[in-house]
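Reviewing the structure listed below.
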Amino acid sequence: MDTQRQVLDRLRSSFKSGVTIPEQFRRTQLTKLTYMIKENEELILKALHKDLAKPKFEAVLSELDMVSNELHCAITNLSSWMQPEYVSKNLATKLDDCFIRREPLGVVLIIGPWNYPLQLLMIPLIGAISAGNCVVIKPSEVSAATDSLVAELIPKYLSQDCYVVVRGGAEETAALLQNRFDHIFYTGSQTVARSIMQAASVHLTPVTLELGGKCPCLIYGSVNMEAAARRLVWAKFFNAGQSCVAPDYVLCTKATLDSLVPAVCEVLEEFYSKEPQTSPDFSRIVSPKHWTRLMELLGRSSSKVVVGGQGKEEDKYIAPTVVVDVADDDALMQEEIFGPILPLITMESVEEGIEFVNRREKPLALYVFSEESSVVNTVMENTSSGGFCSNDGILHMTLPSLPFGGVGASGWGSYHGRWGFETFSHRRACMLRGWALERLNGLRYPPYQENKLSWLRWTASPKTSCSLM
Ligand code: NAD
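Position 164 (the sequence shown) corresponds to 163 in numbering that gives the first Met the number 0; numbering is contiguous.
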């Protein structure tokens, strides 16, 4: 088996050979990736079920279809994404060709997490291939079945000289990070992101960080409580709450809470039955370690459980849990929950809710439920988050036309659709000059004179550039 060094040398020399540059090569690899997903649907679903007991319905929507839609978007738009982008010019550059050329970065590293172990590796990979890079793919060792399947499938479908899966946990990833990459795309926790940045700083490697945090959901003004409860419960308990964009906690008035609690309890029963442990539609916690973290978090909380609270270690099961009476300093409010526990917190006005959100790190997603557009706009205009969605959860990230990423502590950079292509491209500023109008150029050469300066400033002024292309 090749060492990490040999693998990287192979990718580096493939990149240098220019094999990944032609559109046809990129298109072929993307098409092969499409076949990989299509021809192995059953194996992928089986692996996701083994890792997280992911229901087929959720796996199809959030893993297979999201990847297929992104592939379709990339294959359809690749040609236009790769075109040079001509820019406006001033009088001094009127005869020149001025454009932005998207160039691949080189050999890039994609490190994935375990919660959507296929989607969160494949969508960045689509961006990296589209942009013409060679790629090292590092799946999460925690979702072991998907990790092993990805490692088996990628070499069967994609060029082994350009795309390689390297497996392992923290130790192997740390060793991998000692090598020089041209970009690192990391999805995972804020804690590990710090080590990634440290390692990247040695080689001054740019990073994209897709992180997490506590995504709030504010419910204010009039709402259709039945619909709100369904959408909230769906977004929160999809994948058993192990979604980076799951609503982490809810803020609402006491009056809203009084109608929200029974509505949420009713919806939970409707979705997962009176015995959620027997429901095939409810996922499991990924590992005993993650199960223990969540149960301990619940144990340390002084909040009041209104539904759920039970856990079965041998089954990695935690019941869909809703808690109220949550103090500011409660254990549940100190870290991202990332599991099926939903705190409902009372704040008597939307302004107080906004203030509560703004006292914390900027979240990856922010939700507001209200039938009043003034409430939606007030929340949107007075907060900051990676993404924003009103009257629903998670859905904003399913559109390839919207950039997906965080802001502040929830991440740097974005991807999906064209944004993924941009993330893995260098936008090279190109000016192709000819030899004409040398007398005009003479204006900038010494000996410097006041009248030359005036003319020069006029030719370079934005006022003379307006629609000159
Ligand atoms: P993690 O940081 O533990 O692991 C992610 C990856 O980093 C894995 O591949 C793992 O092998 C590797 N890794 C772990 N420790 C390492 C170390 N010390 N040095 C180098 N590499 C190391 O994250 P996770 O538990 O897999 O994911 C959970 C977190 O990810 C949550 O905070 C969640 O919100 C966030 N997340 C964000 C997004 C997003 O798109 N923004 C998506 C999913 C998850």
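For glycine and all other residues, C-beta sits at the position ideal for the given N, C-alpha and C.
Item	Value
Assigned exposure category for His71 - 16 Cβ within 10 Å defines buried	exposed
Thr463, DSSP secondary structure in three states	helix
Boundaries (first-last residue) of the alpha helix (DSSP H) holding Lys31	22 to 38
Cα-Cα separation, Met332 to Glu354	15 Å
From Ala127, Glu437, Leu10, Pro445, residue whose alpha carbon lies closest to that of Leu94	Glu437
Which listed residue (Pro319, Arg283, Asp181, Ser67) has its alpha carbon closest to that of Glu312	Arg283
Three-way DSSP call (helix, strand, coil) for Met468 in this model	Low confidence applies here, because Met468 scores a pLDDT of 39, under 50, leaving its location unreliable; read the following figure in that light. Met468 falls in the coil class under three-state DSSP.
Cβ distance (whole Å) where Ile125 is taken to contact Gly419 below 8 Å	6 Å
Among Leu210, Asn89, Tyr85, Ala330, nearest to Cys97 - alpha-carbon criterion	Tyr85
Glu140 beta carbon near the ligand NAD (any heavy atom closer than 7 Å)	yes
Inside the stretch 106 to 178 only - alpha helix (DSSP H) runs reaching at least 4 residues	118 to 129, 143 to 156, 169 to 176
First and last residue of the uninterrupted beta strand (DSSP E) at Val232	Here Val232 belongs to no beta strand (DSSP E); instead the alpha helix (DSSP H) covers 224 to 236.
When Asp160, Leu203, Glu334 are compared against Gln177, the one with the closest alpha-carbon	Leu203
Closest by C-alpha distance to Trp113, when choosing among Val141, Gly131, Ser272, Tyr248	Val141
Test item: CB-CB of Thr320 and Ile340 under 8 Å	yes
DSSP-derived helix/strand/coil call for Leu250	strand
Check: Leu210 C-beta below 7 Å from any heavy atom of the ligand NAD	yes
Distance between Gly407 and Asp329 (C-alpha atoms, nearest Å)	23 Å
Near the ligand NAD: Lys137 beta-carbon under 7 Å from a heavy atom	yes
Where the alpha helix (DSSP H) through Cys72 begins and ends	65 to 81
Contacts around Arg427, its chain only, beta-carbon distance under 8 Å, and the 5 residues preceding and following it disregarded	Ile99, Arg100, Arg101, Glu102
Collapsed DSSP secondary structure at Phe14 in the structure displayed	helix
Per-residue DSSP class, three states only, for Val367	strand
Sequence-distant residues of the same chain with beta carbon closer than 8 Å to Met542, five excluded per side	Because the chain here runs from 0 to 468, residue 542 falls outside it and cannot be looked at.
Cβ neighbours of Thr377 in the same chain (closer than 7 Å, five flanking residues each side left out)	Val349
Minimum Cβ-Cβ distance from Val356 to chain D less than 8 Å	The displayed structure is made up of one protein chain only, and chain D is not part of it.
Cβ pair Pro275, Leu250 closer than 8 Å	no
Euclidean distance between Cα positions of Met468 and Trp434	For Met468, the predicted structure reports a pLDDT of 39, less than 50, and the residue's modelled location is therefore unreliable. The matter cannot be settled from this model.
Beta-carbon proximity of Gly240 to Phe337, cut-off 8 Å	yes
Assigned secondary structure, Phe420 (DSSP; H/G/I helix, E/B strand, else coil)	helix
Between the CA atoms of Leu10 and Cys161 - distance to the nearest angstrom	5 Å
Assigned exposure category for Thr255 - 16 Cβ within 10 Å defines buried	buried
Contacting residues, own chain, Cβ-Cβ under 7 Å from Arg442 (five flanking each side not counted)	Before going on, a small fix: residue 442 reads as Leu here, not Arg. Cβ within range, chain order: Lys451, Trp454, Leu455.
Distance cut-off 7 Å: Leu256 Cβ against heavy atoms of the ligand NAD	no
DSSP beta-bridge partners of Thr186	Glu209
8 Å Cβ cutoff met for Ala234 and Gly410	no
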